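What follows is a single structure, written as structure tokens, with notes after it.
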Amino acid sequence: MYDVIIVGTGFGGVTTSALLAKKGYRTLTLEAANELGGCAGKFERQSFRFQAGATLGMGFEEDGVFSQLFHELGMSSPPVHLLHTVMDVHFSERTIRYYQQKERWFEEIALQFPKDSGAIVRFFEEMFSLADALLSFIYKRPMIPPKTMKHIFEAIQKADRKLLSAAPFLFQSIAKRLQHYGIRDETFIAFLNGQLVDSVQTTIERCPALLGAVALSIFHRGAFYVEGGLATVVHALAERYKQLGGALRMREKVISIRKEHHWLVTTNRKQTYEAKHVVFNGSVHSIFAVLDDSIKRTFSIREEKEKKRPAWGAFTIYMGVDDNFQTDSLYHQFIIDKTKPMSEGNQFLLSTSAPFDRQMAPLGKRSITISTHTDPLRWWERDAYDNKKNMLTQRILQRIHETFPLTNVHVELIGTPVTFARFTHRAFGKVGGYIPNDPFSLLSTYAPQTNVEGLWLCGDTVFPGAGSLSCALSGWIVANAITMDK
Ligand SMILES: Cc1cc2nc3c(=O)[nH]c(=O)nc-3n(C[C@H](O)[C@H](O)[C@H](O)COP(=O)(O)OP(=O)(O)OC[C@H]3O[C@@H](n4cnc5c(N)ncnc54)[C@H](O)[C@@H]3O)c2cc1C
-8 MYDVIIVGTG
2 FGGVTTSALL
12 AKKGYRTLTL
22 EAANELGGCA
32 GKFERQSFRF
42 QAGATLGMGF
52 EEDGVFSQLF
62 HELGMSSPPV
72 HLLHTVMDVH
82 FSERTIRYYQ
92 QKERWFEEIA
102 LQFPKDSGAI
112 VRFFEEMFSL
122 ADALLSFIYK
132 RPMIPPKTMK
142 HIFEAIQKAD
152 RKLLSAAPFL
162 FQSIAKRLQH
172 YGIRDETFIA
182 FLNGQLVDSV
192 QTTIERCPAL
202 LGAVALSIFH
212 RGAFYVEGGL
222 ATVVHALAER
232 YKQLGGALRM
242 REKVISIRKE
252 HHWLVTTNRK
262 QTYEAKHVVF
272 NGSVHSIFAV
282 LDDSIKRTFS
292 IREEKEKKRP
302 AWGAFTIYMG
312 VDDNFQTDSL
322 YHQFIIDKTK
332 PMSEGNQFLL
342 STSAPFDRQM
352 APLGKRSITI
362 STHTDPLRWW
372 ERDAYDNKKN
382 MLTQRILQRI
392 HETFPLTNVH
402 VELIGTPVTF
412 ARFTHRAFGK
422 VGGYIPNDPF
432 SLLSTYAPQT
442 NVEGLWLCGD
452 TVFPGAGSLS
462 CALSGWIVAN
472 AITMDK
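Each residue of the sequence shown is one higher than the one before, counting from -8 in this note's numbering.
Listed below in structure tokens is the structure:
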């Protein structure tokens, strides 16, 4: 009998596991895959290591979420490097260098958008102060939306005056704020759309101002290259978890979660484990495949509604190449046509391993992960699959070749939503949390605590949302709630 069973080792799951083990809870963590980390996992081919999805680290600055988490767990941080250039954003006619330091970024704005630079800087200043207000609240790890009177009371205690000042922006979109500042420059708006789709999963019209503010500020708090890839962080957390006495079983997929006196979790290895609590780190839309009917009936999240909730899929290209990059920037976003949607290869991110990183590639070579947003539902028709895969690959590689000659390709592999569904166990290969529909979307966030006693959720489909940092926070919120629940 365990105190807690954690299903999945994404950023959410490993964080909950390690924190609970630190508090002395008897924990079992079950991972269906061969590798830890889910969307932030890795895999190896020939002498290269590839990052499956997530590549850019955040929250490693001095008071950042991961720094606090490592401190809490009594462990040291894996080696990370502050990026002075977060990324180069390539348009057909020019490249914008996205600097991490605010002052340098504002100089770049003056250079790139001389006519609108005053308004754009004021817009960013507003985003930074909104993000400060919101993050100082979120980093205190409140249960949002509150489920009990205790949560409401705690949320009020954690809120401060700064948060109140953000209230007028609660139902505004980023588009509305741009309108306020009279900003209409097509390239700047395409730049914002590219940044927002990569973090909030949507563009200026549908992006709630508060979420957008966090997305547009977070790199300026700290953007990091993690040696060996982001999976190194997941591995370090899992190692610490095991040192603290936690049990971890790989290649053991949970196929049923039901409740009798306690929770009973059954796996594909025909094992049934018993616990007082279950934390599900698979995405919310994937939980219905394992939840027992009796729980589904009382579960406040409805399966039908959840299936229809829009989310992106990822199309990825992994390459091991000779190092011919004549640039110091490790991350490159490409926007082919500013007027077209930021998906299906029209916008993509190319992340390269650092030239010094021997965990990722041999000397003189680089490991590359390229990713673009794609409609996940269109990848499940066998007939159209190969066509779509070849078309997207060609479109992306053709654009890259205009900027970088990718010579001597030693490895080239493709990932589609079908691949993500298979390796990360996310139904239909839906990744990156949910797509906000409008500025009111903040109100339809799911809380990590469910209405079913002892059943918890963490990961990018619950508050505070997508990204390694947010998922770690969701895991931390769950661990706190369980320990207070005792
Ligand atoms: C292409 C791409 C690029 C991204 N880039 C970035 C980036 O640069 N920076 C960043 O911070 N974020 C990025 N993200 C987002 C980030 O990767 C995710 O939001 C985050 O990693 C999700 O973590 P999670 O906790 O939701 O768990 P997941 O990653 O969903 O992992 C869940 C784990 O649970 C396991 N599991 C599921 N069901 C079961 C079951 N029934 N039994 C046992 N195990 C199960 C899965 O195998 C998996 O290992 C990116 C995402 C993608 C797809």
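Every residue, glycine too, gets a C-beta built ideally from N, C-alpha and C.
These numbers were taken from a predicted model, which means no experiment stands behind them.
Buried/exposed call for residue i, threshold 16 Cβ in 10 Å
| i | result |
| --- | --- |
| residue 305 | buried |
| residue 84 | exposed |
| residue 400 | exposed |
| residue 292 | buried |
| residue 347 | exposed |
| residue 459 | buried |
| residue 471 | buried |
| residue 259 | exposed |
| residue 184 | buried |
| residue 272 | buried |
| residue 139 | exposed |
| residue 222 | buried |
| residue 465 | buried |
| residue 189 | buried |
| residue 298 | exposed |
Near ligand 1: residue i beta-carbon under 7 Å from a heavy atom
| i | result |
| --- | --- |
| residue 207 | no |
| residue 215 | no |
| residue 422 | yes |
| residue 244 | yes |
| residue 469 | no |
| residue 333 | no |
| residue 21 | yes |
| residue 134 | no |
| residue 374 | no |
| residue 313 | no |
| residue 417 | yes |
| residue 46 | yes |
| residue 2 | yes |
| residue 310 | no |
| residue 30 | yes |
| residue 227 | no |
| residue 351 | no |
| residue 281 | yes |
| residue 25 | no |
Short Cβ contact (8 Å threshold) for residue i with residue j
| i | j | result |
| --- | --- | --- |
| residue 320 | residue 79 | yes |
| residue 119 | residue 208 | yes |
| residue 200 | residue 430 | yes |
| residue 157 | residue 187 | no |
| residue 102 | residue 91 | no |
| residue 436 | residue 69 | no |
| residue 202 | residue 433 | yes |
| residue 423 | residue 409 | no |
| residue 268 | residue 443 | no |
| residue 351 | residue 344 | yes |
| residue 480 | residue 116 | The structure shown does not extend to residue 480, since the chain is modelled only from -8 to 477, so the question has no answer here. |
| residue 301 | residue 425 | yes |
| residue 393 | residue 365 | no |
| residue 276 | residue 452 | yes |
| residue 279 | residue 441 | no |
| residue 325 | residue 339 | yes |
| residue 261 | residue 311 | no |
| residue 153 | residue 127 | yes |
| residue 143 | residue 165 | no |
| residue 323 | residue 72 | no |
Same chain, Cβ closer than 7 Å to residue i, five either side skipped, listed in chain order
| i | result |
| --- | --- |
| residue 247 | 257, 281, 283 |
| residue 112 | 97, 100 |
| residue 17 | -7, -6 |
| residue 8 | -3, 18, 20, 232, 237 |
| residue 191 | 198, 202, 203, 206, 427 |
| residue 255 | 249, 263, 265 |
Cβ-based neighbour list, residue i, same chain, cut-off 6 Å, excluding 5 preceding and 5 following
| i | result |
| --- | --- |
| residue 23 | 244, 416 |
| residue 36 | 402 |
| residue 329 | 177, 181 |
| residue 331 | 337 |
| residue 50 | 56, 57, 460 |
| residue 235 | 12, 13 |
Beta-carbon proximity list for residue i, same chain, < 8 Å, skipping 5 on both sides
| i | result |
| --- | --- |
| residue 388 | 308, 397 |
Say whether the segment 213 to 225 touches the segment 38 to 57, bearing in mind that this needs 3 or more beta-carbon pairs closer than 8 Å, one atom from each stretch.
-> Yes: at least three Cβ pairs fall under 8 Å.
Would you be able to state if there are at least three C-beta pairs under 8 Å between the segment 30 to 45 and the segment 356 to 363?
-> With the cut-off at 8 Å, the segment 356 to 363 and the segment 30 to 45 touch.
Contact between the segment 216 to 234 and the segment 63 to 70: three or more CB pairs below 8 Å?
-> yes
Within the chosen definition, does the segment -4 to 3 reach the segment 15 to 30 through at least 3 CB pairs nearer than 8 Å?
-> yes
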